[in-house]
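FYI, the numbering for the sequence shown is 6 to 224, going by our numbering. We treat Cβ as the ideally placed atom computed from N, Cα and C, and that holds for glycine. Single-structure report; data block below.
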Amino acid sequence: MAEQYLSGSASDAPQTAQVKHRFRWRVADIAVASVIGVASALIYWLVAMLTAAPWPILEGIVPGLGGLFNGLWLFAGPLALIIVRKPGAGVYAEVVAAVLEALWGSQWVPVETFLIGLLQGAMAELAFLIFAYRKWNLGTTVLSGVLSAIGCWLYSFLTHLQAINIVGPYGIIYVITTAISGALIAGVLVWYLYLAIAKTGALDHFESGRLLRADKRQG
Numbered sequence: 006m007a008e009q010y011l012s013g014s015a016s017d018a019p020q021t022a023q024v025k026h027r028f029r030w031r032v033a034d035i036a037v038a039s040v041i042g043v044a045s046a047l048i049y050w051l052v053a054m055l056t057a058a059p060w061p062i063l064e065g066i067v068p069g070l071g072g073l074f075n076g077l078w079l080f081a082g083p084l085a086l087i088i089v090r091k092p093g094a095g096v097y098a099e100v101v102a103a104v105l106e107a108l109w110g111s112q113w114v115p116v117e118t119f120l121i122g123l124l125q126g127a128m129a130e131l132a133f134l135i136f137a138y139r140k141w142n143l144g145t146t147v148l149s150g151v152l153s154a155i156g157c158w159l160y161s162f163l164t165h166l167q168a169i170n171i172v173g174p175y176g177i178i179y180v181i182t183t184a185i186s187g188a189l190i191a192g193v194l195v196w197y198l199y200l201a202i203a204k205t206g207a208l209d210h211f212e213s214g215r216l217l218r219a220d221k222r223q224g
């Protein structure tokens, strides 16, 4: 019995070490997640200016329709997760983006920009956490975008729109349009952006790049 127990423990050791290695952050992981955060911050900052005029137009057509733009502020988390594939990558990239966006000038006060980035990153992370960080596909990426969108919606309503019924017409339309935007921009678009980057060979030092190229060779 003792020999069997020891044998089982020994066989489990390599698997445990492999899991730890898979979740351990490298310098390259930090660098890439940081680059994604910085690039996203610049895009978020530009989006805030470019959507300032069309947003009220959409809201005038159907109140809550402006949520279709929200996905443009949600992609940092899902993109960092699908490329780096380490727990915390989504939160890290979103927080970096939020902090820089606040420093450059945001429509939100700095603390709020940080908090909404933190919430969106955590919600994006939840999609991959549900599958124990083992499902790296289009479906999980879309779910990540949708959950990040729900985080965006929740923050908006719980902090700035308390007077509006969260389950009223405006609240329902806003969450639907935000979720659609998150699914398409922070989900589908992010997935195909990842594929395009991986095809260049830029991700060959990452599991996300190596596995994709290996699948292509086998196919």
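With 16 as the cutoff for other CB atoms within 10 Å, does residue i come out buried or exposed?
{"i": "A188", "result": "buried"}
{"i": "Y160", "result": "buried"}
{"i": "W78", "result": "buried"}
{"i": "L152", "result": "buried"}
{"i": "T146", "result": "buried"}
Closest by CA to residue i, which one among the options?
{"i": "D34", "options": "R90, C157, I185", "result": "R90"}
{"i": "I181", "options": "W158, M54, L200, G144", "result": "W158"}
{"i": "G156", "options": "S213, V40, Y179, F211", "result": "Y179"}
{"i": "A127", "options": "L63, V100, N75", "result": "V100"}
{"i": "G76", "options": "H210, Y49, I62, P174", "result": "Y49"}
Rounded to whole angstroms, what is the Cα-Cα separation between residue i and residue j?
{"i": "Q125", "j": "A132", "result": "12 angstroms"}
{"i": "L47", "j": "A102", "result": "8 angstroms"}
{"i": "A168", "j": "G69", "result": "Summary for A168: the model assigns pLDDT 45, below 50, so the residue's position carries little reliability; its value from the coordinates is reported in the next sentence. In a straight line, the C-alpha of A168 is about 15 angstroms away from that of G69."}
{"i": "L148", "j": "I177", "result": "19 angstroms"}
{"i": "A81", "j": "G122", "result": "9 angstroms"}
{"i": "F162", "j": "T205", "result": "41 angstroms"}
{"i": "F74", "j": "W109", "result": "20 angstroms"}
{"i": "Y97", "j": "A191", "result": "16 angstroms"}
{"i": "A154", "j": "A184", "result": "5 angstroms"}
Compute the distance between the beta-carbons of residue i and residue j, then report whether it is under 8 angstroms.
{"i": "G95", "j": "E130", "result": "yes"}
{"i": "P83", "j": "V195", "result": "yes"}
Any contact between the stretch 84-100 and the stretch 135-143? By contact I mean 3 or more CB pairs, one from each, below 8 angstroms. yes
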